[in-house]
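In my numbering, the protein residues as written are 1208 to 1951.
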């Protein structure tokens, strides 16, 4: 404890005086009892002295019982026994102290008297004063000196021999001489008492400081002990309630404690249960390139935090990916080293990483396929269009027409392939409307039965009424066909396909797993088969593009296309499968409660008609913008064959210039433009033309939209979309629709 601490607890003068007085009173009480019991001892000594010595100091040849002996017995008893009584009954009173002092001085006078006034006997007076000085009361010393002075004076006058040993002519002078010696001793003792008082006060002051310091230290120790106990409890609570695994082991890897999270991670109900079955880290760590011993040695050598990703063995024998962080800590005895570790389960993180990598792979494949599909659709537009022109031409020989029809059929297959690629990458233009899914499935039953063959039975479980779904009906039909074909291939020897439709509410937890859909009410459709099921390895890749289990007979785009269509529709698809128990695909599609039903316009030509003419006898002028030469040439021929006057443009800038230079008598009543063009694309061209002539209808065409038109819901009034490749009759139908809407 340094001096500053003592000074901080330095008591006041009042505190010192109170404590000093209390200490002094305690001291005097003890001496009252001690000195009172000394008096009877002196009394007995005086009796012995009176019986032996006193007769020799008197004249006479015969030694007889001296009368002083009787006086000693009675007077000495009175003088000594009364203070004993006071010390026993009133040991704290100051009167007891003075009674003891009077008795002590009278006993000294009696001793001098018994010794016949011999000078040696007077030393008892000085001894008595020294004894009474222990009371540390200067007033008591002077009072005692006055008592012995009075004794000497009285007896010196009447019995000088008993005081001075001889008869004195002037006993008063001799008494004053003795008083002077006594006074000198009292003065010396008084100075000693004053010094003793100062020392006692210093001792009291230091004692108070020490007591104050001790009190504060005890309080601090109690607080620190309580804080340490609370800290230990909090640390234990954090250890027990930590959401990640924590363990404590010695330098040899022996587990000392584990928290519940770590026990649960490895399949144990509690930490105690785990410690009963597992002794060392070596029992739960899967041996890889780094052994447990080398890892512990690296941790102990580093003496700091160490991190690593490894695998631990679950109670059931499976491997769990974990991230382990450890640090060396000194043991309680200070001679050993212990290790504290934190363990985090990486299973979910690894799954997320796998999903992220898969998403990146799918995105890269999607970018590649959409680029190919765009160029391929442009080429197919020319092939399909020119094939239509040749087939519909009456002058075409029948043999040539049959061969062109084969070309047209092959182009149709190629068109379906590019459609699948665009659907997989979600680049196909979404043309949604509200429709009843049960009715669509019922209408497709014959087609589905023809698709799967007679060896497979189809069972439909559709409700009488259900919420309408909002999606592209043609794309959803494609999904149903793909799932039915997939189920057919899983049952080569026949079986049963069950298609069931219902409604369900998807929660936040399910949607957070899906990642793209939003919670709410969905129309669900499950497609189940009775095949052999799907293995875990195949399930991981089942939706990957170009992945197939059908060898060279499969393209690997069926399920990839389906999941692309469903996600573009705002839905989700899941797969449940067990070995030898078949599999079930569940599709969740959003309802149409937040969308209005699309009403198809009346007075349009059917898609099955071979020719669609303009609604009036007047010739309509159409501005046709297309950067690909063959597609542009086809468009001019097709539109001319439909009876329209066509002005062609090689790009958006060319088309805008021709639109601005049109004459009043040759006004363009319709603009058909490809979206992806150099110099100026179709979207910018349409925006510029709409700013000049808002009533001019516009038809967009594209092999894929590049997200410019993700859904036809985004098109402005009077704007339409036509997916490449398109047959000439569909082009005519779309033109008639646009022109009718413009004049309606």
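The beta carbon of each residue, even a glycine, is placed where N, CA and C say it ideally should be.
Just the C-alpha distance for residue i and residue j, rounded to the nearest angstrom, thanks.
| i | j | result |
| --- | --- | --- |
| residue 1217 | residue 1382 | 50 Å |
| residue 1939 | residue 1876 | 15 Å |
| residue 1924 | residue 1451 | 57 Å |
| residue 1585 | residue 1775 | 23 Å |
| residue 1888 | residue 1665 | 48 Å |
| residue 1409 | residue 1296 | 32 Å |
| residue 1804 | residue 1646 | Any reading at residue 1804 must be qualified, since the residue scores a pLDDT of 39, below 50, and its modelled position is unreliable; no value is offered. |
| residue 1732 | residue 1594 | 39 Å |
| residue 1615 | residue 1934 | 10 Å |
| residue 1878 | residue 1796 | 35 Å |
| residue 1734 | residue 1644 | 14 Å |
| residue 1422 | residue 1489 | 52 Å |
| residue 1730 | residue 1704 | 19 Å |
| residue 1475 | residue 1658 | 52 Å |
| residue 1424 | residue 1435 | 16 Å |
| residue 1399 | residue 1336 | 13 Å |
| residue 1784 | residue 1741 | 6 Å |
| residue 1862 | residue 1738 | 57 Å |
| residue 1599 | residue 1931 | 20 Å |
| residue 1766 | residue 1683 | 13 Å |
| residue 1710 | residue 1676 | 11 Å |
| residue 1640 | residue 1444 | 57 Å |
| residue 1250 | residue 1283 | 6 Å |
For residue i, does the three-state DSSP call read helix, strand or coil?
| i | result |
| --- | --- |
| residue 1854 | strand |
| residue 1398 | helix |
| residue 1217 | coil |
| residue 1737 | coil |
| residue 1965 | The requested residue 1965 does not occur in the structure, where the chain is confined to residues 1208 to 1951. |
| residue 1477 | coil |
| residue 1936 | helix |
| residue 1796 | strand |
| residue 1585 | helix |
| residue 1389 | helix |
| residue 1759 | Residue placement at residue 1759 is flagged as unreliable, the pLDDT there being 48, under the threshold of 50; the coordinate-derived value follows with that caveat. Correct three-state label for residue 1759: helix. |
| residue 1641 | strand |
| residue 1896 | helix |
| residue 1519 | strand |
| residue 1601 | coil |
| residue 1525 | coil |
| residue 1666 | strand |
| residue 1875 | coil |
| residue 1923 | coil |
If I measure Cβ to Cβ from residue i and keep anything under 7 Å in the same chain, skipping five residues before and after, which residues do I get?
| i | result |
| --- | --- |
| residue 1197 | Nothing can be reported for residue 1197: it is not among the residues displayed for the chain, which extend from 1208 to 1951. |
| residue 1698 | 1663, 1736, 1737 and 1738 |
Around the C-beta of residue i, are 16 or more other C-beta atoms found within 10 angstroms, so that it is buried, or is it exposed?
| i | result |
| --- | --- |
| residue 1385 | buried |
| residue 1941 | buried |
| residue 1606 | exposed |
| residue 1899 | exposed |
| residue 1371 | buried |
| residue 1604 | exposed |
| residue 1389 | buried |
| residue 1312 | buried |
| residue 1470 | buried |
| residue 1314 | buried |
| residue 1524 | exposed |
Keeping to the same chain, check which residues put their C-beta closer than 8 Å to that of residue i; ignore five residues upstream and five downstream.
| i | result |
| --- | --- |
| residue 1847 | 1853 |
| residue 1364 | 1378 and 1379 |
| residue 1617 | none |
Tell me which residues share the same chain as residue i and place their Cβ nearer than 6 Å to its Cβ, disregarding the 5 neighbours each side in the sequence.
| i | result |
| --- | --- |
| residue 1929 | 1906, 1908 and 1941 |
| residue 1884 | 1834, 1858 and 1859 |
| residue 1369 | 1320, 1324 and 1362 |
| residue 1256 | 1321 |
| residue 1530 | 1516, 1551 and 1553 |
Between residue i and chain B, is the shortest Cβ-Cβ distance under 9 Å, so that the two count as touching?
| i | result |
| --- | --- |
| residue 1347 | Judged by its chain identifiers, the structure shown contains no chain B, having just a single protein chain. |
Below 8 Å, is the gap between the Cβ of residue i and the nearest heavy atom of the ligand FMN?
| i | result |
| --- | --- |
| residue 1435 | In the structure on display, the ligand FMN does not appear, and there are no ligands present to speak of. |
Should the region 1853-1869 be regarded as contacting the region 1893-1909, the criterion being three or more beta carbon pairs within less than 8 Å? yes
Tell me whether the region 1828-1835 and the region 1844-1861 touch, counting them as touching only if at least three CB pairs, one residue from each stretch, are closer than 8 Å. yes
When you compare the region 1841-1848 with the region 1787-1795, are there three or more beta-carbon pairs, one atom per stretch, that lie closer than 8 Å? no
Count Cβ pairs between the region 1334-1346 and the region 1229-1241 that sit closer than 8 Å; are there 3 or more? yes
Is the region 1239-1258 in contact with the region 1280-1291, if contact means three or more CB pairs nearer than 8 Å? yes
Meets three-Cβ-pair contact criterion under 8 Å: the region 1435-1453 and the region 1544-1555: yes
At least 3 beta-carbon pairs within less than 8 Å: the region 1411-1421 vs the region 1220-1232: yes
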